[in-house]
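> Here the sequence shown stands for residues 257 to 733, numbered as in the working numbering.
Positions of the beta carbon are idealized from the N, C-alpha and C atoms, including for glycine.
Dropping the structure in here first, questions after.
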Amino acid sequence: AISHLDPTFNYNFLGVLAFNLIVLSVILYLAYPYMEKLLKDFKSNIHAIINYSTTAKGQIILFTISLSIRILLILSDIPVKLRWNTYDTWTYIDAGREYIRGLSSFNLTVFKVNIEHPSLAKLMIGAVTYIMFWMEPYYDYAALILMCFISALTCLVIFRIGLLQDRRIGFLAWLLMTLDPFSIRWTVAWLETPMILFISLSILTLLRKMRLRQIVLIGLFEGLAMSCKYTAIPILIILTVLLTRNIKKTVVILFIAAILCISINPQLWSIDNIWFTIKYHITPGEEWTAMKWEGVVLAWYPGRFWLNPETIAWTFLYYFGLSQNLPNQPFISPLIAYTVTIYKTLSRRRISLSRHVVWFSSSILTLTLFIKHWPYYDAILIPPVTLITSNIILQENEEMERIHKLLAIPYLIYMSLTPIATISTLTFPTLWLFILTIINNKQILPLEYIVSLILTITIFLYSTITSIIIIKKCRLW
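Laid out in structure tokens, this is it:
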């Protein structure tokens with residue numbers, strides 16, 4: 257079916273996919289004992305560097321490294337060669353510049369431009385294009401530099417979060433966040449990147465002792481995150497409830513966040529605007545590029561996949577890691593975690609997922625609430641995944657609370673799908689949407705429909721059973 261629709265894929269793709277998965281699994285299993293020895297040497301030789309990284313000068317160096325890598329890669333022609341698609345670049349730049357002009361003349365009606373998203377991230381983009389005026393008319397480069405700066409700052413915040421547990425965890429989390437191809441790729445997630453920074457800052461403050469000052473800071477950071485993208489609202493509500501375990505503190509924090517979010521988003525001052533925004537986010541996305549089969553246009557049904565019995569398994573897998581439907585880079589951190597976890601499972605050793613599974617699960621469960629799901633939405637999973645991966649590699653005996661054990665299940669499912677997601681990303685990024693198209697056209701493609709349904713159910717069962725085995729063998733419960 258693939259070769260019929262697209263001559264580029266003129267081979268048995270499923271056979272190649274299965275072969276690659278088998279080879280990858282064998283290589284990773286055979287290589288891990290040597291990797292473990294290298295890790296031990298790494299631990300002994302890197303001790304001095306890790307200690308230095310905790311100093312003020314060391315953290316400045318970490319930030320500079322993260323920033324340099326992003327600027328060198330993002331501002332070069334590498335994204336073009338790798339077919340990294342940009343999205344809505346000038347939409348947000350133009351909106352941000354319009355906001356700045358409106359504020360300078362006290363004209364708040366300009367905030368009706370791109371009203372479906374909050375204004376803070378676009379204000380930051382607009383402001384930097386005016387500050388870096390010498391780049392005119394290449395305002396997109398100014399915006400890219402801003403995203404690189406924010407992403408590098410997030411890497412440093414992740415280092416600080418990991419530092420609350422252990423210096424090694426902080427350093428390894430920073431290393432993964434800095435070098436992971438998926439993390440670098442989605443440095444240019446215009447609204448998500450600033451939102452992730454403020455969520456990370458709120459997490460960093462939440463995990464410390466909460467006095468009045470910290471409570472106010474958490475509320476401010478959460479309000480700023482919500483003002484970048486509304487996705488932050490359900491994520492932060494869940495996180496605040498589960499991490500504070502105190503009703504009064506939770507109410508105060510969310511109240512401060514709500515007041516700040518409403519104050520700096522004039523589009524929220526009108527009920528009509530709020531209703532428009534809600535309708536926008538619950539409306540199915542644009543149709544995917546229509547394909548033809550022997551002259552017949554194949555049906556495509558965007559959105560509401562949870563309501564169709566035939567696509568429930570497909571939808572579950574789509575939201576849990578198989579949604580890379582654009583030219584992308586593989587997410588290496590969970591693949592590393594998967595390799596280490598499988599090795600420890602086979603050797604009957606314990607793994608530690610840490611309390612950051614709360615962060616991961618609140619994020620991925622929030623994504624399942626939205627009908628639209630583009631690959632860059634998964635950028636919000638990068639920080640918790642890097643922290644969890646660091647814990648899996650370096651920790652073994654840390655006990656988890658019962659609620660954390662429960663919230664570990666979504667992460668284990670996501671992690672178990674990583675090998676399939678990686679192969680798919682590198683060979684056929686639109687595979688999962690292609691399978692959905694076949695499922696929705698069973699009258700035209702009856703044989704391919706059966707194969708696609710069997711494949712989907714098989715992968716679903718694999719991810720579920722793998723998670724159960726890991727839970728049992730690694731004594732997570």
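#1: Measure the C-alpha to C-alpha separation of leucine 331 and isoleucine 381 and round it to an integer number of angstroms.
#2: In three-state terms, what does DSSP make of phenylalanine 438?
#3: Please confirm whether threonine 624 and tyrosine 594 have their CB atoms less than 8 Å apart.
#4: Short check: CB of alanine 383 to CB of isoleucine 349, under 8 Å?
#5: Starting from tryptophan 688, trace the alpha helix (DSSP H) in both directions and tell me its first and last residue.
#6: Measure how close the beta-carbons of threonine 622 and threonine 487 come, nearest whole angstrom, since I'm counting them as under 8 Å.
#7: Taking just the CA atoms, how far does serine 610 sit from tyrosine 599?
#8: Given a threshold of 16 other Cβ atoms within 10 Å of its Cβ, counted over all protein chains shown, does lysine 728 qualify as buried or as exposed?
#9: What three-state label does DSSP hand serine 719 in the structure shown?
#10: So what does DSSP say about glutamine 315, is it helix, strand or coil?
#11: Please state whether DSSP places serine 483 in a helix, a strand or coil.
#12: Alpha carbon to alpha carbon, what distance is there between threonine 720 and glutamate 543?
#13: Could you work out which residue in Arg353, Thr645 and Ser375 is closest to cysteine 523 when comparing CA atoms only?
#14: For the alpha helix (DSSP H) containing methionine 388, list its first residue and its last residue.
#15: Taking three-plus beta-carbon pairs below 8 Å as touching, is the segment 682–697 in contact with the segment 705–720?
#16: Looking only at its own chain, which residues have a Cβ that is under 7 Å from the Cβ of alanine 408, when we skip the five neighbours before and after it?
#17: I'd like the list of long-range same chain contacts for leucine 687, defined as Cβ closer than 7 Å, with 5 residues on each side in sequence excluded.
#18: Suppose the cutoff is 7 Å on Cβ atoms and the five residues either side in sequence are ignored; what does the same chain contact list for valine 596 look like?
#19: Around the C-beta of threonine 714, are 16 or more other C-beta atoms found within 10 angstroms, so that it is buried, or is it exposed?
#20: What residue range is occupied by the uninterrupted alpha helix (DSSP H) comprising asparagine 307?
#21: Tell me which same chain residues have a C-beta within less than 7 Å of the C-beta of tyrosine 308, skipping the five on either side of it?
#22: To the nearest angstrom, how far is the alpha carbon of proline 437 from that of threonine 678?
#23: Looking at proline 675 and leucine 591, is the spacing between their C-beta atoms short of 8 Å?
Straight from the coordinates:
#1: To locate residue 331, count along the sequence shown from 1; it is residue 75. To locate residue 381, count along the sequence shown from 1; it is residue 125. Distance between the alpha carbons of leucine 331 and isoleucine 381 is about 16 Å.
#2: Locating residue 438 in the sequence shown gives position 182, counting from the first residue. Three-state result, phenylalanine 438: helix.
#3: Mapped onto the sequence shown, residue 624 falls at position 368. Mapped onto the sequence shown, residue 594 falls at position 338. Not in contact: threonine 624 and tyrosine 594 (Cβ atoms no closer than 8 Å).
#4: Taking the sequence shown and counting its residues from 1, the one referred to as residue 383 is at position 127. Taking the sequence shown and counting its residues from 1, the one referred to as residue 349 is at position 93. One thing to note: alanine 383 has its Cβ no nearer than 8 Å to the Cβ of isoleucine 349.
#5: Residue numbering aside, residue 688 sits at position 432 when the sequence shown is read from its first letter. Bounds of the alpha helix (DSSP H) holding tryptophan 688 are 687–695.
#6: For the purposes of this step, residue 622 is taken as residue 366 along the sequence shown, with counting starting at 1. For the purposes of this step, residue 487 is taken as residue 231 along the sequence shown, with counting starting at 1. Yes, they are in contact, since the Cβ atoms of threonine 622 and threonine 487 sit about 6 Å apart, within 8 Å.
#7: Reading the sequence shown from its first residue, position 343 is the one you call residue 599. Reading the sequence shown from its first residue, position 354 is the one you call residue 610. The straight-line gap separating the alpha-carbon atoms of tyrosine 599 and serine 610 is approximately 19 Å.
#8: Your numbering for residue 728 matches position 472 in the sequence shown. Lysine 728 counts as exposed, since fewer than 16 other C-beta atoms from the protein chains shown sit within 10 angstroms of its C-beta.
#9: In the sequence shown, residue 719 corresponds to position 463, counting from 1. If DSSP states are grouped into helix, strand and coil, serine 719 belongs with the helices.
#10: Within the sequence shown, the letter at position 59 stands for residue 315. Here DSSP, grouped into helix, strand and coil, assigns glutamine 315 to helix.
#11: As a position in the sequence shown, residue 483 is number 227, starting the count at 1. Coil.
#12: The sequence position of residue 543 within the sequence shown is 287, counting from 1. The sequence position of residue 720 within the sequence shown is 464, counting from 1. With a pLDDT of 48 at glutamate 543, under the threshold of 50, the predicted position of this residue should be treated as unreliable, and no value is reported.
#13: Numbered from 1 along the sequence shown, position 267 holds the residue referred to as residue 523. Reading the sequence as shown, one finds glutamine at residue 523 and not cysteine. Measuring C-alpha to C-alpha distances from glutamine 523 to each of Arg353, Thr645 and Ser375 identifies Ser375 as the nearest.
#14: To locate residue 388, count along the sequence shown from 1; it is residue 132. No alpha helix (DSSP H) contains methionine 388, which DSSP labels as neither H nor E.
#15: The segment 682–697, when compared against the segment 705–720, does touch it at the 8 Å Cβ threshold.
#16: Within the sequence shown, residue 408 is the residue found at index 152, counting from 1. Phe319, Ser322, Leu323 and Arg326.
#17: For the purposes of this step, residue 687 is identified with residue 431 of the sequence shown, where counting begins at 1. Ser680.
#18: The residue you call residue 596 lines up with position 340 of the sequence shown. Around valine 596: Ile648 and Ile649.
#19: Along the sequence shown, one-based indexing puts residue 714 at 458. The residue is exposed, with fewer than 16 neighbouring Cβ atoms inside 10 Å.
#20: In the sequence shown, the residue the question calls residue 307 occupies position 51. Taken as a continuous stretch (DSSP letters only), the alpha helix (DSSP H) holding asparagine 307 covers 303–309.
#21: On the sequence shown, position 52 is the one that residue 308 refers to. A distance below 7 Å between beta-carbons, with the five flanking residues on each side excluded, links tyrosine 308 to the following residues of its chain, in chain order: Gly314.
#22: Along the sequence shown, read from residue 1 onward, the residue named residue 437 stands at position 181. Along the sequence shown, read from residue 1 onward, the residue named residue 678 stands at position 422. Between proline 437 and threonine 678, the C-alpha separation is close to 12 Å.
#23: Start at 1 with the first residue of the sequence shown, and residue 591 comes out as number 335. Start at 1 with the first residue of the sequence shown, and residue 675 comes out as number 419. Taking 8 Å as the Cβ cut-off, leucine 591 and proline 675 qualify as a contacting pair.
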